[in-house]
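Peer 1: Sequential numbering from 347 applies to the sequence shown in the numbering used here.
We put the beta carbon where it would ideally sit given N, CA and C, even for glycine.
If you're wondering where the values come from, they're calculated on a predicted model, not measured in any experiment.
Dropping the structure in here first, questions after.
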Amino acid sequence: MPFIVALFLMPLIFADPVLAGQQVIADFSKGLDAAGVPHGWQLKEKAGKADIAAVRDEGIAAVRLRSSRSSFSLQKEVRVDLKQYPLLSWKWKVTKLPAGGDFRRASTDDQAAQLFVAFSRTRAIVYIWDTSAPQGTMGDAAGPFFMSLKAVVVRSGSSEAGKWIAETRNVYEDYRKLFQEEPGPVTGVRIQINSQHTGTAAESFFDQVLFTGP
Numbered sequence: 347m348p349f350i351v352a353l354f355l356m357p358l359i360f361a362d363p364v365l366a367g368q369q370v371i372a373d374f375s376k377g378l379d380a381a382g383v384p385h386g387w388q389l390k391e392k393a394g395k396a397d398i399a400a401v402r403d404e405g406i407a408a409v410r411l412r413s414s415r416s417s418f419s420l421q422k423e424v425r426v427d428l429k430q431y432p433l434l435s436w437k438w439k440v441t442k443l444p445a446g447g448d449f450r451r452a453s454t455d456d457q458a459a460q461l462f463v464a465f466s467r468t469r470a471i472v473y474i475w476d477t478s479a480p481q482g483t484m485g486d487a488a489g490p491f492f493m494s495l496k497a498v499v500v501r502s503g504s505s506e507a508g509k510w511i512a513e514t515r516n517v518y519e520d521y522r523k524l525f526q527e528e529p530g531p532v533t534g535v536r537i538q539i540n541s542q543h544t545g546t547a548a549e550s551f552f553d554q555v556l557f558t559g560p
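This is how it looks when you write it as structure tokens:
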């Protein structure tokens with residue numbers, strides 16, 4: 347999970363469409379660019395090689411991430427005012443969980459699906475689908491020494507694997523609960539998958555990601 351430093355080092359380019367009451371972060375219907383990456387995103391490989399595909403799954407235009415003892419992410423710089431757009435909504439599907447994955451131990455810190463929300467060089471929340479940690483668990487996650495990274499287990503285990511699930515989180519309230527302070531603007535978003543710690547494999551799909559008003 348500690349793979350987010352570059353989110354704060356890229357030049358700031360804020361070109362996400364802002365529609366009435368919402369700010370769209372990811373629209374994977376545009377497919378992949380010449381480098382094999384969704385348009386508007388950057389690929390970061392930490393371990394092994396990335397396996398990314400633009401797919402239409404059950405009628406949904408999505409990005410598919412597949413990991414085999416690897417760790418990689420798609421990331422982009424954004425600028426979101428949480429007082430205006432506090433709700434983060436997305437759809438995801440997990441078809442293969444990394445066996446034994448558990449964010450609570452560094453040796454097993456693998457997840458099929460992770461959605462990072464970065465606020466600055468020192469604060470970030472990651473919403474995860476964990477193999478073992480119970481749904482609803484919130485706690486410290488592994489990250490760079492200078493960063494406070496908090497994990498929220500949104501889904502756990504395989505009981506809902508193979509199904510598209512729509513999620514909505516109040517990031518403003520999550521931040522206040524986790525950090526005991528008022529949040530600044532969201533500065534980066536990252537989608538990640540990894541299975542290198544457990545030496546296993548994982549697969550997940552993501553649909554549109556957006557921030558909306560209350």
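With a threshold of 16 other CB atoms inside 10 Å of the CB of F374, please say whether the residue is buried or exposed.
Peer 2: The residue in question, F374, is buried, as its Cβ has 16 or more Cβ neighbours within 10 Å.
Peer 1: Using the beta-carbon count (16 or more within 10 Å), is K422 buried or exposed?
Peer 2: It is buried - the Cβ of K422 has at least 16 other Cβ atoms within 10 Å.
Peer 1: Report yes if the C-beta distance between E549 and R412 is below 7 angstroms; otherwise report no.
Peer 2: Yes, the pair counts as a contact, with Cβ atoms nearer than the cut-off.
Peer 1: Note down the Cα distance separating S494 from D403, rounded to an integer number of angstroms.
Peer 2: For S494 and D403, the distance between alpha carbons rounds to 35 angstroms.
Peer 1: For the candidate residues F462, I539, V499 and P531, whose alpha-carbon lies nearest to that of T441?
Peer 2: Here the closest residue by C-alpha is I539.
Peer 1: Determine the direct distance from the alpha carbon of F462 to that of V532, and round the result to whole angstroms.
Peer 2: So the alpha carbons of these two residues sit roughly 10 angstroms apart.
Peer 1: Can you tell me whether F449 is helix, strand or coil according to DSSP?
Peer 2: Note: F449 maps to coil in three-state DSSP.
Peer 1: Along the chain, where does the alpha helix (DSSP H) that runs through E527 open and close?
Peer 2: Element bounds for E527: n/a, residue is neither H nor E.
Peer 1: Buried or exposed: which applies to Q369, given that a residue is buried once 16 or more other Cβ atoms fall within 10 Å of its Cβ?
Peer 2: Q369 should be labelled buried.
Peer 1: Any idea what DSSP makes of F374, helix, strand or coil?
Peer 2: If DSSP states are grouped into helix, strand and coil, F374 belongs with the helices.
Peer 1: For L443, report the span of its beta strand (DSSP E) as first-last.
Peer 2: Neither: L443 is in no beta strand (DSSP E) and is coded neither H nor E.
Peer 1: Taking the CB atoms as reference points, tell me whether A372 and Q554 lie closer together than 7 angstroms.
Peer 2: Taking 7 angstroms as the Cβ cut-off, A372 and Q554 qualify as a contacting pair.
Peer 1: In terms of residue numbering, what span does the beta strand (DSSP E) encompassing W475 cover?
Peer 2: First-last of the beta strand (DSSP E) with W475: R469 to D476.
Peer 1: Can you tell me which of the three DSSP states T546 falls into?
Peer 2: The answer is coil: DSSP assigns T546 none of H, G, I, E or B.
Peer 1: Does the distance from the C-beta atom of L395 to that of S417 stay below 7 angstroms?
Peer 2: One detail in the question is off: residue 395 reads as Lys in this sequence, not Leu. No, the Cβ-Cβ distance between K395 and S417 is not below 7 angstroms.
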